[in-house]
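Novice: Below are the structure tokens for one structure; questions will follow.
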Amino acid sequence: MVSLRLPDAYDEEFIALIPRHRDFINRLLNEKIVEVYAISSDRSRGWVTINGDDAAAVQALIEQFPLYRFLHSVEIDELFIFDSTASRFPHISLN
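In our numbering, the protein residues as written are -7 to 87.
Have a look at this one:
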């Protein structure tokens, strides 16, 4: 699980990189490298769940984010258990 601190204010350079960043994240989601990508409603923090061999591999991937140089902090916590409703089988409806 990666916790990100975003800048307090966004300049034109930051905003211009958002489409490239979203394309990169979407590719990682499609490849199942990124499981979850979330940004807080006030746009100050983000959380990304990444499948990686170790913290160093995850850090190397985060450094490829187009917005990486704008991040104020990156914290990586290796998870022991990751469970979610999205990773479970859907409920069967007999209708």
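Using N, Cα and C, we set each Cβ at its ideal position, and we do this for glycine too.
Is it true that the CB of P(-1) sits closer than 8 Å to the CB of F62?
Specialist: For F62 and P(-1), yes; Cβs fall inside 8 Å.
Novice: Leaving out five residues on either side along the sequence, give the residues of the same chain with a beta carbon under 6 Å from the beta carbon of T41.
Specialist: Taken in chain order, the residues that qualify are M(-7), E27, V28.
Novice: Check A1 in the structure and name its three-state DSSP category.
Specialist: Reduced to three states, the DSSP call for A1 is coil.
Novice: Would you call the segment 44 to 55 and the segment 63 to 71 in contact, with 3 or more CB pairs under 8 Å?
Specialist: At 8 Å Cβ cutoff, the stretches touch.
Novice: List in chain order: all unbroken beta strand (DSSP E) runs of 3+ residues lying wholly within the segment 2 to 82.
Specialist: Fully enclosed beta strand (DSSP E) runs of 3 or longer: 26 to 31, 37 to 42, 65 to 68.
Novice: Indicate the three-state DSSP secondary structure (helix, strand or coil) for S85 in the structure shown.
Specialist: Three-state result, S85: coil.
Novice: Report the option in L86, Y60, R80, S76 whose CA atom is closest to the CA atom of R12.
Specialist: It is Y60 whose Cα lies nearest to the Cα of R12.
Novice: Please determine, among I84, P82, A30, N43, the residue with the shortest C-alpha to C-alpha distance to I73.
Specialist: It is N43.
Novice: How many Å lie between S32 and D15 at the Cα?
Specialist: Using only the alpha carbons, I get a separation of about 19 Å.
Novice: Measuring straight from C-alpha to C-alpha, what distance separates E5 and W39?
Specialist: E5 and W39: Cα-Cα distance of roughly 22 Å.
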